[in-house]
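This note's numbering puts the first residue of the sequence shown at 2, with every later residue one more than the last. C-beta: ideal position from N, C-alpha, C; glycine also.
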Amino acid sequence: MLKIIRPILLPVAAFAAAFGVPATVSAQSILLSAGDFTLLGGTTITSSGASGTVISNGNVGVGPGTAVSGFPPALIVNGGIIETGSVTNQAHLDLIKAATGLALMAFDTNLGNVNLGGQTLLPGIYKFDSAAALTGALVLDANGQDDAFWVFQIGTSLTTSVGASVTVINTGSNGGSDLGIFWNTGTEITFGADNVIAGNYISGTSITAGDGTAGGARLLALAAVTLGNNQIDALGGLGGGDWTGGLTYAADGITMVPVPEPAAVLWLAPLGALGFTLWRRRQGHGKAVA
Numbered sequence: 002m003l004k005i006i007r008p009i010l011l012p013v014a015a016f017a018a019a020f021g022v023p024a025t026v027s028a029q030s031i032l033l034s035a036g037d038f039t040l041l042g043g044t045t046i047t048s049s050g051a052s053g054t055v056i057s058n059g060n061v062g063v064g065p066g067t068a069v070s071g072f073p074p075a076l077i078v079n080g081g082i083i084e085t086g087s088v089t090n091q092a093h094l095d096l097i098k099a100a101t102g103l104a105l106m107a108f109d110t111n112l113g114n115v116n117l118g119g120q121t122l123l124p125g126i127y128k129f130d131s132a133a134a135l136t137g138a139l140v141l142d143a144n145g146q147d148d149a150f151w152v153f154q155i156g157t158s159l160t161t162s163v164g165a166s167v168t169v170i171n172t173g174s175n176g177g178s179d180l181g182i183f184w185n186t187g188t189e190i191t192f193g194a195d196n197v198i199a200g201n202y203i204s205g206t207s208i209t210a211g212d213g214t215a216g217g218a219r220l221l222a223l224a225a226v227t228l229g230n231n232q233i234d235a236l237g238g239l240g241g242g243d244w245t246g247g248l249t250y251a252a253d254g255i256t257m258v259p260v261p262e263p264a265a266v267l268w269l270a271p272l273g274a275l276g277f278t279l280w281r282r283r284q285g286h287g288k289a290v291a
């Protein structure tokens, strides 16, 4: 006898798990509470510029150290200074979590000793076993994608030359507001003077910015952050974005995965609803009726 098999569609989460599709519908920044800061240091934050430094759209925080100097004359717009305590302690834990997750991602390309200057890079995960350098202009080509991201896994330090720049081209339909750029270094980050920077810069030790360096960025370090005359705006990305798009945490809270495409969510949702209805009917089949 031919056996008829009635397919039962799974709810969204189970369906996604069964077929390897992330079940996340909306993304939270992988920085968690560290994303509330434009500057975050572990030991000191120092602005040595006589005038001109402006930190925008985020807090300036330090902990467990307590030394924040040069504010004023440096200005904070839409933020404040938060010294050591529960808020900065949690921000550092979240920063370490983000740095660990970024470092664990499988890379697409090992750039070895390639200088980032003069390169045009599509979205992806780029690895340097040791130090990375940027001399000149780096172009990040989003290739018309929404939720695209670039992750730079740098074993030791990142050093940029005077006048180095990072720019993004060919954004998707959202104008680039949902893009992600993450620089994750094992040791120090040193920017030359007059740089144009972009992204979330995470340092296992310290970050130093030369005079005139500016851009849409966060400078997040486990040790010291040192500024000259700089303008750093956490919401200075394209379309007012903060360069944290494209990635979210998987269900284990450690692994990082790409944000699901909206189309995937749209077709998963009705399938999940239908599957749940059929499952409820199946559960009721064979029950006695009083």
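Query: Residue ranges of each beta strand (DSSP E) within the stretch 133-202, 3 or longer; Result: 133-135, 138-142, 150-155, 159-161, 166-170, 181-186 and 190-192
Query: Limits of the unbroken alpha helix (DSSP H) element including S57; Result: Element bounds for S57: not the alpha helix (DSSP H) but the beta strand (DSSP E), V55 to S57.
Query: Nearest neighbour of L40, chosen from S30, A194, A251 and V78 [CA to CA]; Result: V78
Query: Anticipated Cβ contact below 8 Å, G118 with L135, distance rounded; Result: 5 Å
Query: Separation of G177 from Q146, as counted between CA atoms; Result: 9 Å
Query: Selection from S34, A75 and N60 that minimises the alpha carbon distance to G53; Result: A75
Query: Cβ contact (3+ pairs, closer than 8 Å) linking the stretch 56-69 and the stretch 201-216; Result: no
Query: Check: I208 C-beta below 8 Å from any heavy atom of the ligand ZN; Result: Here there are no bound small molecules, and the ligand ZN is not part of this structure.
Query: DSSP-derived helix/strand/coil call for Q232; Result: strand
Query: V163 beta carbon less than 9 Å from that of A138; Result: no
Query: Host beta strand (DSSP E) of L105 (start-end); Result: Counting along the chain, L105 falls outside any beta strand (DSSP E), though it belongs to the alpha helix (DSSP H) covering S87 to L105.
Query: Secondary structure of G62, DSSP reduced to three states; Result: strand
Query: L207 burial status per 10 Å Cβ neighbour count (16 or more: buried); Result: Going by the sequence as given, residue 207 is Ser instead of Leu. The residue in question, S207, is buried, as its Cβ has 16 or more Cβ neighbours within 10 Å.
Query: Range of the contiguous beta strand (DSSP E) that encloses T69; Result: At residue 69 the sequence reads Val, which differs from the Thr that was named. Looking at the DSSP string, the run of the beta strand (DSSP E) that includes V69 is A68 to S70.
Query: Residue closest to I203, alpha-carbon to alpha-carbon, out of I155, L123 and T256; Result: I155
Query: Start and end residues, beta strand (DSSP E) containing P259; Result: M257 to P259
Query: Cβ-based neighbour list, A251, same chain, cut-off 6 Å, excluding 5 preceding and 5 following; Result: V258
Query: Cβ neighbour criterion (16 or more within 10 Å) applied to N231; Result: buried
Query: Proximity to A107 [Cα-Cα], best of I97, I126, G113 and D95; Result: I126
Query: Inter-residue CB distance, L221 and F72 (contact presumed, cutoff 8 Å); Result: Rounded, the Cβ-Cβ distance is 17 Å, inconsistent with contact.
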